[in-house]
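The sequence shown begins at 3 in my numbering and counts up one residue at a time.
In this text, a Cβ means the ideal position worked out from N, Cα and C, and glycines have one as well.
First the structure, in the form of structure tokens, and then the observations on it.
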Amino acid sequence: MSRSRADRFDDWRPAQPQVRACDHADCAAEGQFRAPRSRDHIGTADNYYWFCLEHVRAYNAAWNYYQGMSEPEIERELRQDSVWQRPTWPLGWRVAGNRWRDPLNLFREDGTPPGGGEAETRRRPMSEEEKALIVFDLEPPFDIKTLKTRYKLLVKLHHPDANGGDKDAEERLKIITHAYALLKTRYFS
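Now the structure itself:
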């Protein structure tokens, strides 16, 4: 005789979860947290310890992923991690010969500048702000205190009174004062 549908579910009991013991010696607590046994086998099912919360914290605090690796091996591992362990190739490595279009000659392998042969590379003129930064020998970011300190030092060095009334020192002081005013307004107004 067959059982009714309701009778089949009467015997059903929720599955009891398997309880693992903590893998730490002399610990009777439940091992709820897994920790890798070694760097080489992370991700495989059998190569984990199961610890209670107290012992997994102690294990993780003492575990060093890079233990036993030399500095070049660590560097190689970090570089691989920066690209998610995927291979990388140079730009255009698959393109053969003349199929690669480079109308501006930006990717020349012979070392000549873009635009060809003997032509010099053209540079854009420096902005007033760049010139002022060169006068003060500063690079952003910097604070107002650094700028003022550098200004006071340059004024003491290039003031005409400190240089016997020299006209060149007077011109340098004008450049310094103009650069100070420009940087002060651009960065701290």
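Integer-rounded CB distance, given that Val137 should sit under 8 Å from Ala164: Their Cβ separation, rounded to whole angstroms, is 18 Å, which puts Ala164 and Val137 out of contact at 8 Å.
Identity of the residue in Arg41, Trp52 and Asp42 nearest Gln20 by Cα: Trp52
Rounded C-alpha distance that separates His57 from Trp86: 30 Å
C-alpha distance - Arg152 paired with Glu131, whole-angstrom precision: 16 Å
Where Arg174 falls, given that 16 or more other Cβ within 10 Å makes a residue buried: buried
Buried or exposed by the 16-neighbour rule on C-beta atoms within 10 Å, applied to Ala27: For Ala27, the number of other beta carbons within 10 angstroms of its own is below 16, and it is reported as exposed.
Between the CA atoms of Lys186 and Lys158 - distance to the nearest angstrom: 19 Å
Beta strand (DSSP E) segment containing Arg36, residue limits: Phe35 to Pro38
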